[in-house]
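The sequence shown begins at 4 in this note's numbering and counts up one residue at a time. Glycine included, each C-beta is placed from N, C-alpha and C at the ideal position. Note that the structure is predicted; figures quoted are calculated from it, not measured. Contents: one structure, followed by commentary.
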Amino acid sequence: MKSVIIAIVIFALVIGCAFFITFHFQSFTEKMLHKLDSLPNNMEDLEKTEEKELQEDVEDIAALWDEEFQRMVYIVGYSLVNRADSAINTMYTAVCTGNHEDYAINRREAMDALRRLQELQGMRLSAVL
Numbered sequence: 004m005k006s007v008i009i010a011i012v013i014f015a016l017v018i019g020c021a022f023f024i025t026f027h028f029q030s031f032t033e034k035m036l037h038k039l040d041s042l043p044n045n046m047e048d049l050e051k052t053e054e055k056e057l058q059e060d061v062e063d064i065a066a067l068w069d070e071e072f073q074r075m076v077y078i079v080g081y082s083l084v085n086r087a088d089s090a091i092n093t094m095y096t097a098v099c100t101g102n103h104e105d106y107a108i109n110r111r112e113a114m115d116a117l118r119r120l121q122e123l124q125g126m127r128l129s130a131v132l
């Protein structure tokens, strides 16, 4: 009887940890998508935005990404995170060098990569079916 109770407790802990990690992952990707979505998304908006303000926003996104990168790699694996990592780093470099075309392309690619990660790692019935 003791072994059954211990097995149930261990099973509950594993399931609880899985839900916690998934919830943390989902909230982080939502936060990143919201920040990326708040950046200018076309050339007209980009020209209206101050360069310094844009650079600060992109630096904040890159810093947030760097803080969570190791945890993300352990959760989903490097091969899945690599596309988003590359896009965010290239977007940061494009803003620092003033290359608006690369910024726009990599902003879109980072958002797409994060959405795909969210779909792959989400605990939704539609993702399973």
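**OP:** Report yes if the C-beta distance between THR32 and LEU120 is below 8 Å; otherwise report no.
**Re:** yes
**OP:** In angstroms with no decimal places, state the Cα-to-Cα distance between MET114 and MET94.
**Re:** 11 Å
**OP:** Could you check the C-alpha separation between LEU36 and ILE11 for me, to the nearest Å?
**Re:** 37 Å
**OP:** Whole angstroms is fine: what's the gap from VAL84's alpha carbon to MET4's?
**Re:** 44 Å
Subject >> Whole-number beta carbon distance between ARG86 and ALA65, since they are thought to touch under 8 Å >> reply: Their Cβ separation, rounded to whole angstroms, is 16 Å, which puts ALA65 and ARG86 out of contact at 8 Å.
Original post:
For ASP60 versus LEU42, is the C-beta distance shorter than 8 Å?
Top reply: yes
Original post:
Out of curiosity, what's the CA-to-CA distance linking SER89 and PHE72?
Top reply: 12 Å
Original post:
From ALA107 to THR96, what distance separates their C-alpha atoms?
Top reply: 12 Å
Original post:
Under 8 Å, do ILE78 and PHE28 count as touching if we go by C-beta distance?
Top reply: yes
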